[in-house]
Amino acid sequence: MADADCIFCKILTGDIPADVVREDEHTVAFRDLEPQAPTHVLVIPRRHLPDVGSLALEAPEEVAPLFAAVRAVAEQEGIDGSGYRSVFNTGAGAQQSVFHAHVHVLGGRAMTWPPG
231 MADADCIFCK
241 ILTGDIPADV
251 VREDEHTVAF
261 RDLEPQAPTH
271 VLVIPRRHLP
281 DVGSLALEAP
291 EEVAPLFAAV
301 RAVAEQEGID
311 GSGYRSVFNT
321 GAGAQQSVFH
331 AHVHVLGGRA
341 MTWPPG
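If you count the sequence shown from 1, position 81 lands on 311 in my numbering, and the numbers rise without skipping.
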């Protein structure tokens, strides 16, 4: 179910290298190339769908493993105790730049509002 034009699908197939920090049968997690916090990891489902809303509608059984992977990444990265932010950008107006469902896991510093 990969999209040949999707950069995240190319990471899943190994065609593009990434700093993978965790993977399981449903998800892959890797470091963001332009981190917005000391810890900035992207968690993506292996299934190609454009955003998390589409994932929830078309493959709801894959949403829980996605959230479990977010928690596992936070624990592995040592930010679960201090707090972390999970962000879904959905649509171009929300600054989604890769249209493959993904979660940004941010931590390692105080999360301020507005983010930045």
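Each residue gets a CB set at the ideal place from its N, CA and C atoms; glycine is no exception.
| query | For the candidate residues Ala324, Pro295 and Ala302, whose alpha-carbon lies nearest to that of valine 335? | reply | Ala302
| field | Residue interval of the alpha helix (DSSP H) (run including phenylalanine 238) | value | 237–243
| Quick one: Cα of aspartate 249 to Cα of valine 282, how far? | 22 Å
| message | Helix, strand or coil for phenylalanine 260? Go by DSSP, reduced to three states. | response | strand
| message | For alanine 340 and histidine 278, which I take to be in contact (beta-carbon distance under 8 Å), what is that distance rounded to the nearest angstrom? | response | With a Cβ gap of about 35 Å, alanine 340 and histidine 278 do not count as contacting.
| request: Measure the CB-CB distance between valine 300 and serine 312 and report whether it falls below 8 Å. | output: In this structure, the beta-carbon distance from valine 300 to serine 312 does not fall below 8 Å.
| message | I'd like to confirm the pairing. Which residues does DSSP put opposite glutamate 253 in its beta bridges? | response | BP columns for glutamate 253 point to Val258.
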